[in-house]
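In the numbering used here, each residue's number is its place in the sequence shown (first place is 1) plus 209. In this text, a Cβ means the ideal position worked out from N, Cα and C, and glycines have one as well. This one's a predicted model, so the numbers in the text were calculated from it and none came from an experiment.
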Amino acid sequence: MAKTISLIVLYDDSETISKIPLLTPYKQLFRRDGVYLVTGGLSGLGFETVKFIAQHGGGYIVILSRSAPTPERKAEIADLQNQFGVTIPSMCCDVAIPKDVKNAISAIELTSPTVPIRGLFHSAVVLHDGLIHTLSKSDFEKVMRPKVAGVLNLHNTTRRCQLDYFVCYSSIASFLGNSTQANYAAANSFLDMFCHYRRRIGLPGQAINWGALNIGLLLNKDKIQQFLEQKGLMTLDVPEIHECLEYCLVQNNPQIVASKFHFQNLRKYSMSFNVCLRQRFYSVVAEEIKLGLADISEVSQDSSFSNPEDYIKNLLCEVCSVDIEDITNDTSLSAFGVDSMLAMTIQNRVFQERNVDVPLVSLLDPNSTVSMLVSLLQENHQTETRSAGEHVPEV
């Protein structure tokens, strides 16, 4: 059985304390004498969680779902029970309805009074995509109910339980954004913050921001997966999903992103046009490239190996339509007519081709010169050269 250490949290008034279980090196993640709830556990990521818990020692796994299992799913559940010696009942329950959740918890406690509830995995989800101006209040409510109302009901109903896990399945959409999933991103953002809230009041809580998964709606959808990969997101297969879930549970962070990236595409097609993404991913992508883990073979020889001064002058010639003879190191960028649009173009090109994030405010500064841009690139090149010779600790 996994050992735990209790972290004591003292509040400002020094009167109340709480304990947060911190997982340490373990022999198994789940207890044979514990009940684990999985909402939305009949499909997709929810059912993969059921399988994961069964494979890793959980004795009782209760699936909460609005619908009954199909004959095919019943057969799969029976196989899991026979193979791993677990008990996996399925209960009809809409987690967005407080009475349903209370009745389900009461029924579990009545049926197995000596087996306490030890964990909860909130995987319930409803999707209704569309550009934000096309989404009605009802479209938001459909998506928010299972996530927001669901987690509040589960929180209120299980507060007296001594849980090892309270895991909410969020999405990378709340971290990256998605033009057609504002409602879904908002719902998952609530889950993220709610898990932080639970940790602040001394209760277990983990939000896992899952990336693209090769299960459920994306299963074997090659065209959609290719589109996502062009944007920098690659799909996680089932073994990778299980590996990520195990890692997340052991790390026990309040929030963690579990995703697979194509770093060159992320840098080229997503980060270069999105300042927020660039701010969030710049250090990660730069580190991957520095370690040689990202494929940078498509970057042209001219942009990768020309000296910074030649590169900047050729870039200004192309973007600003000026002759190279008219460009000197002391020439101000404003002399080439660099406005906000041209500045963004220069910023994106330099980021794509040289992996240097030039601040827009610097490009639009009337005192900025060609030599300023050259200096930024030279400083970056010197930093990378120094870093290449340093030992990089294993992550």
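Next on the checklist: If the criterion is Cβ atoms closer than 8 Å, does the pair G250 and G267 meet it?
Outcome noted: no
Checklist entry - If you run the structure through DSSP and keep just helix, strand and coil, what is Q415? => result strand
Checklist entry - Excluding five sequence neighbours on each side, which residues of the same chain lie with their C-beta closer than 6 Å to the C-beta of S509? => result Low confidence applies to S509: its pLDDT is 42, below 50, so where it sits in the model is not reliable enough to give any reading.
Checklist entry - So, using beta-carbon positions, are T444 and N423 closer together than 8 Å? => result yes
Checklist entry - For G425, which residues of its own chain have a beta-carbon under 8 Å away from its beta-carbon, when the five flanking residues on both sides are left out? => result S252, G253 and L254
Checklist entry - In chain order, what residues of the same chain lie with their CB nearer than 8 Å to the CB of T578, ignoring the 5 residues before and after it? => result N538, D539, T540, S541 and L542
Next on the checklist: Given this structure, state the Cα-to-Cα distance separating P278 from Y374, to the nearest angstrom.
Outcome noted: 25 Å
Checklist entry - Taking the continuous beta strand (DSSP E) assigned at C377, which residues delimit it? => result Y374 to S380
Checklist entry - How many Å lie between V559 and R408 at the Cα? => result 41 Å
Next on the checklist: Suppose the cutoff is 6 Å on Cβ atoms and the five residues either side in sequence are ignored; what does the same chain contact list for T296 look like?
Outcome noted: Y269
Checklist entry - Measuring CB to CB, does S355 end up less than 8 Å from V334? => result Note that residue 355 is Pro in the sequence shown here, rather than Ser. It is a contact, given that the beta carbons lie within the stated cut-off.
Next on the checklist: Please identify the residue among S549, I381, Y520 and L551 whose C-alpha is closest to the C-alpha of I536.
Outcome noted: Y520
Next on the checklist: Is the beta carbon of S332 closer than 8 Å to that of T258?
Outcome noted: yes
Checklist entry - According to the Cβ coordinates, are H364 and D348 closer than 8 Å? => result no
Checklist entry - If you follow the beta strand (DSSP E) that A396 is part of, which residue opens it and which one closes it? => result Where A396 is concerned, there is no enclosing beta strand (DSSP E), although the alpha helix (DSSP H) it sits in stretches over A391 to R409.
Checklist entry - According to the neighbour-count rule (16 or more other Cβ atoms, all chains shown, within 10 Å of its Cβ), is R181 buried or exposed? => result Since the first residue shown for the chain is 210 and the last is 604, residue 181 is missing from the structure and cannot be characterised.
Checklist entry - The beta strand (DSSP E) spanning R327 covers which residue range? => result I326 to H331
Checklist entry - Is G294 helix, strand or coil when you go by DSSP? => result coil
Checklist entry - How is I424 classed by DSSP in three states: helix, strand or coil? => result coil
Checklist entry - With C-beta atoms as the reference, is I272 less than 8 Å away from S299? => result yes
Checklist entry - Ends of the alpha helix (DSSP H) at S347? => result K346 to M353
Checklist entry - Within this structure, are the beta carbons of L329 and L246 separated by less than 8 Å? => result yes
Checklist entry - First and last residue of the beta strand (DSSP E) that includes I536? => result Element bounds for I536: n/a, residue is neither H nor E.
Next on the checklist: Taking 6 Å as the limit between beta carbons, can you name the residues of its chain near D309, skipping five residues before and five after?
Outcome noted: C302 and D303
Checklist entry - I270 lies in the beta strand (DSSP E); which residues open and close that run? => result Y269 to S274
Checklist entry - How is the beta strand (DSSP E) around L246 delimited, first residue to last? => result V244 to T248
Item to check | Collapsed DSSP secondary structure at S580 in the structure displayed | outcome: helix
Checklist entry - For F399, which of G411, I381, T389 and S388 has the nearest alpha-carbon? => result I381
Checklist entry - In or out: V567 buried (at least 16 other Cβ within 10 Å) or exposed? => result buried
Checklist entry - Less than 8 Å separating the beta-carbons of P322 and Q371? => result no
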